[in-house]
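*Asks:* According to the UniProt record's numbering, the stretch in the sequence shown is residues 1 to 275, in order.
Sharing a structure, written as structure tokens. Questions coming.
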Amino acid sequence: MPLASAFASELTWPDYDAAVRKGKTPILIPIGSMEQHGHHMPLHVDVLLPTEFARRVAVEVGGLVAPPFTYGYKSHQKSGGGNHMPGTTSLDGATLVAALKDVIKEFARHGARDICLVNGHFENSWFIIEAIDLALRELRWDGIGTVKVVVLSYWDFVDQEAIAKLYPDGFPGWDIEHGGVLETSLMLALYPQLVQLERAVDVAPAKFPPYDVYPVKPEWTPCSGTLSSPKEASVEKGHILLEVCTRGIVAALRDEFLSAGNRAQGDAPAIARAS
């Protein structure tokens with residue numbers, strides 16, 4: 001019988017248990033942030049987008065979407081405008097690592113063996129890897145050695161063909177695509193009621209020196225908070241992004257989780273710990 005929802009939190013515990021206990025249901029964990037996205041978009045863009053990608057992919061691969069991480073690591077000035085911007089609300093790296101490590105271990109305790117972390121906030125990247133490393137190490141101590149974790153950021157699946165359609169006048173680079181064409185187009189396609197495009201500020205692509213300064217220099221961040229202009233964003237571009245990213249993520253998870261050659265064969269004996 002198909003599950004009532006792709007969202008794990010919307011299931012009863014018996015239905016969730018039956019789906020996860022045997023280790024054949026991938027768990028997708030969206031990881032975002034509360035971060036400013038210009039004058040035209042809300043603070044939870046980085047939560048909404050990975051959650052929707054996770055939902056679409058879960059439907060295709062028979063997975064379940066976990067509740068998202070709604071706070072992320074501190075916004076970096078050269079990729080998110082900076083943690084000094086109003087509304088941006090962040091975690092220390094150690095806090096994010098500890099929370100994510102615990103959640104990975106909990107899903108493994110439930111029986112999940114295939115876990116995908118769907119990132120929507122660039123600055124989370126290294127802390128996600130640290131959390132995975134620590135979680136897998138502690139799970140091996142408990143004799144659970146067959147958990148596989150895939151970590152991905154949806155924008156990495158945008159291929160050159162799509163980039164040519166999205167940026168006919170030249171691609172500014174992912175490092176300054178904060179609040180620009182990519183995120184605005186996706187929001188227009190998915191949540192148009194949350195986008196006030198008439199309030200978008202048309203700024204030139206941000207230019208930063210090849211070094212950082214702390215405390216940050218607020219004048220380095222464009223007044224809009226975005227690092228490139230969203231003026232060329234459109235619903236049509238949003239649908240291009242939805243299609244290419246969803247297709248790419250589905251293919252990756254089918255290869256890593258569902259192909260016979262990539263499945264683990266059984267948990268190892270627990271590693272004895274020194275007393």
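Note that beta-carbon positions come from the ideal geometry of N, C-alpha and C, so glycine has one too.
By how many angstroms is the C-alpha of A98 removed from the C-alpha of L241?
*Replies:* The count along the sequence shown starts at 1 and reaches residue 241 at position 241. The count along the sequence shown starts at 1 and reaches residue 98 at position 98. Those two C-alpha atoms are separated by around 32 Å.
*Asks:* Could you please give the first and the last residue of the uninterrupted alpha helix (DSSP H) stretch that includes P30?
*Replies:* On the sequence shown, residue 30 is found 30 positions in, with the first residue counted as 1. Element bounds for P30: not the alpha helix (DSSP H) but the beta strand (DSSP E), 27 to 31.
*Asks:* From the DSSP output, read off the bridge partner residues of K148.
*Replies:* For the purposes of this step, residue 148 is taken as residue 148 along the sequence shown, with counting starting at 1. Looking at the DSSP assignment, K148 forms a beta bridge with D114.
*Asks:* Are the segment 159 to 166 and the segment 208 to 219 touching by the rule of at least three beta carbon pairs closer than 8 Å?
*Replies:* No, because fewer than three Cβ pairs between the segment 159 to 166 and the segment 208 to 219 fall closer than 8 Å, the two stretches do not touch.
*Asks:* Return the CA-CA distance between I115 and L253, expressed in angstroms with no decimal places.
*Replies:* For the purposes of this step, residue 115 is identified with residue 115 of the sequence shown, where counting begins at 1. For the purposes of this step, residue 253 is identified with residue 253 of the sequence shown, where counting begins at 1. Each residue's alpha carbon lies about 10 Å from the other.
*Asks:* Could you check what DSSP says for T88 in three-state terms: helix, strand or coil?
*Replies:* Here residue 88 refers to the residue found at position 88 when the sequence shown is read from its first residue. If DSSP states are grouped into helix, strand and coil, T88 belongs with coil.
*Asks:* Could you round the C-beta distance between residue 276 and A54 to whole angstroms and report it? I think they count as a contact, below 8 Å.
*Replies:* As displayed, the chain neither begins before 1 nor continues past 275, which places residue 276 out of reach and without an answer.
*Asks:* Alpha carbon to alpha carbon, what distance is there between H76 and V216?
*Replies:* For the purposes of this step, residue 216 is taken as the residue at position 216 of the sequence shown. For the purposes of this step, residue 76 is taken as the residue at position 76 of the sequence shown. V216 and H76: Cα-Cα distance of roughly 9 Å.
*Asks:* Between the Cα of V65 and the Cα atoms of G38, I104, T95, which residue gives the shortest distance?
*Replies:* Your numbering for residue 65 matches position 65 in the sequence shown. Among G38, I104, T95, the Cα nearest to that of V65 belongs to I104.
*Asks:* Taking only three categories from DSSP, how would you classify F122?
*Replies:* On the sequence shown, residue 122 is found 122 positions in, with the first residue counted as 1. Residue state, collapsed to three classes: helix.
*Asks:* Can you name, in chain order, every residue of its own chain whose Cβ lies under 8 Å from the Cβ of G87, other than the five neighbours on each side?
*Replies:* As a position in the sequence shown, residue 87 is number 87, starting the count at 1. Once the five neighbours on either side are set aside, the close Cβ partners of G87 are M34, E35, Q36, L43.
*Asks:* Measure how close the beta-carbons of S185 and K231 come, nearest whole angstrom, since I'm counting them as under 8 Å.
*Replies:* The residue given as residue 185 occupies position 185 in the sequence shown. The residue given as residue 231 occupies position 231 in the sequence shown. Between K231 and S185 the Cβ distance is about 11 Å, and since that is not below 8 Å, they are no contact.
*Asks:* Under a Cβ-count criterion, where at least 16 other Cβ atoms within 10 Å of its own Cβ denotes burial, should residue 279 be classed as buried or exposed?
*Replies:* The shown model of the chain, from 1 to 275, leaves out residue 279, and the question about it has no answer.
*Asks:* So L96 packs on G81, CB below 8 Å; how close in whole Å?
*Replies:* For the purposes of this step, residue 96 is identified with residue 96 of the sequence shown, where counting begins at 1. For the purposes of this step, residue 81 is identified with residue 81 of the sequence shown, where counting begins at 1. 19 Å between Cβ atoms; not a contact.
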